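A.B. asks: Going left to right, the sequence shown walks through residues 909 to 1226 as this note's numbering numbers them.
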Amino acid sequence: MHPELSVVIPVYNEEAGLAKLYARLYPALDKLAERGVSYEIVFVNDGSRDRSAEILADQYRLRPDVTRVVLFNGNYGQHMAILAGFQATRGDIVVTLDADLQNPPEEIGALVDKMREGYDYVGSIRRKRQDAAWRTYLSKAMNRIREKITRIKITDQGNMLRAYGRNVINLINQCSEVNTFVPALAYTFARKPTEIVVEHEERTAGESKYSFYSLIRLNFDLMTGFSIMPLQLFSMMGMVLSGLSGGLVVLLLIRRFFLGAEAEGLFTLFAIAFFMMGVILFGIGLLGEYVGRIYQQVQGRPRFVVQTILEEKSEDQA
909 MHPELSVVIP VYNEEAGLAK LYARLYPALD KLAERGVSYE IVFVNDGSRD RSAEILADQY
969 RLRPDVTRVV LFNGNYGQHM AILAGFQATR GDIVVTLDAD LQNPPEEIGA LVDKMREGYD
1029 YVGSIRRKRQ DAAWRTYLSK AMNRIREKIT RIKITDQGNM LRAYGRNVIN LINQCSEVNT
1089 FVPALAYTFA RKPTEIVVEH EERTAGESKY SFYSLIRLNF DLMTGFSIMP LQLFSMMGMV
1149 LSGLSGGLVV LLLIRRFFLG AEAEGLFTLF AIAFFMMGVI LFGIGLLGEY VGRIYQQVQG
1209 RPRFVVQTIL EEKSEDQA
């Protein structure tokens, strides 16, 4: 079986919403099949602690012709689940979709149509975000910072409804980063990327798996994984602060010789010293982020462990 379209869906503790996902996903893809778009769906269970794995297995038994289920032996994160799904796909066009139905499955057809125009990477921009206000503002701010640091132009980095060509998927499958951000990695490999506007809905069930801390960690992975500019900025900041510190010492010496000692300036010196110490500690922390990623990479441990794959064997595999 060599379908034209593969849909990769990472799943983590989504038992409350999977039935609703099935009710919209399969009819939407069956309509595409009527237009001649053969498809497969690759669910990746990312170590769910609820009944998600059981529900996915039941769905596989109902539609084994187009359904495949990759089961992890633990929780490795959304992007590792997507990478495992990429390795399992066989389609010429691969679409990633979250299981929470915030991105309507009916929009997959628009991505496929755009890919057929000759693009090898199609991102998506949410027409009207249905997230909390703080997440919307934070995401927009991080988008602007990320673009300046990495030079990767992704308008809506938090939206995982995206389409990738087989050439991009093959290159991604050759990568072995422990910490990565899949849309940005794909953008670096794409020859002809583009974006389209899609609808966005409220989560149908359950809660978001991304906490405020998780979003911060994700953006650290994105910025430190695709650019060394943060380190370069701190190097330049260090040179500037060194120059200013030297100038301040000269100024204080001149004032002492001509005006005498001034006790009132003690707190100013404390403020300057604390500011510099804060900058130094932040710089050490940033350096630690890069060193930590190097440490994880050189360990050479598997990025994820697949427990089993539920799939219908073809005649070639039999």
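We put the CB at the ideal spot given by N, CA and C, even for glycine. Keep in mind it's a predicted model, so treat the numbers as computed, not measured.
(1) How long is the line joining the alpha carbons of residue 1220 and residue 947, rounded to whole angstroms?
(2) Given a threshold of 16 other Cβ atoms within 10 Å of its Cβ, counted over all protein chains shown, does residue 1181 qualify as buried or as exposed?
(3) What residues match up with residue 948 in a beta bridge as DSSP calls it?
(4) Using CA atoms only, rank isn't needed, just tell me which of 1150, 1148, 1087 is closest to residue 1207.
(5) Once you ignore the five residues that flank residue 982 on each side, which residues in its own chain have a CB closer than 6 Å to its CB?
(6) Who are the Cβ neighbours of residue 1216 in its own chain at under 7 Å, not counting the five residues just before and after it?
(7) Using the three-state DSSP reduction, which class does residue 1098 fall into: helix, strand or coil?
(8) When you compare only the Cα positions, how much space is there between residue 1185 and residue 1035?
(9) If residue 1029 sits next to residue 1094, beta carbons under 8 Å apart, how far is it from one beta carbon to the other, in whole angstroms?
(10) So, are the CB atoms of residue 968 and residue 1218 less than 7 Å apart?
(11) Return helix, strand or coil for residue 1146, following the three-state DSSP convention.
(12) Nearest-angstrom Cα distance between residue 1108 and residue 1152?
(13) Taking buried to mean at least 16 other C-beta atoms within 10 Å of its own C-beta, is residue 1015 buried or exposed?
C.D. replies: Put simply:
(1) 14 Å
(2) exposed
(3) 914
(4) 1087
(5) 955
(6) 979
(7) coil
(8) 44 Å
(9) 6 Å
(10) yes
(11) helix
(12) 49 Å
(13) buried
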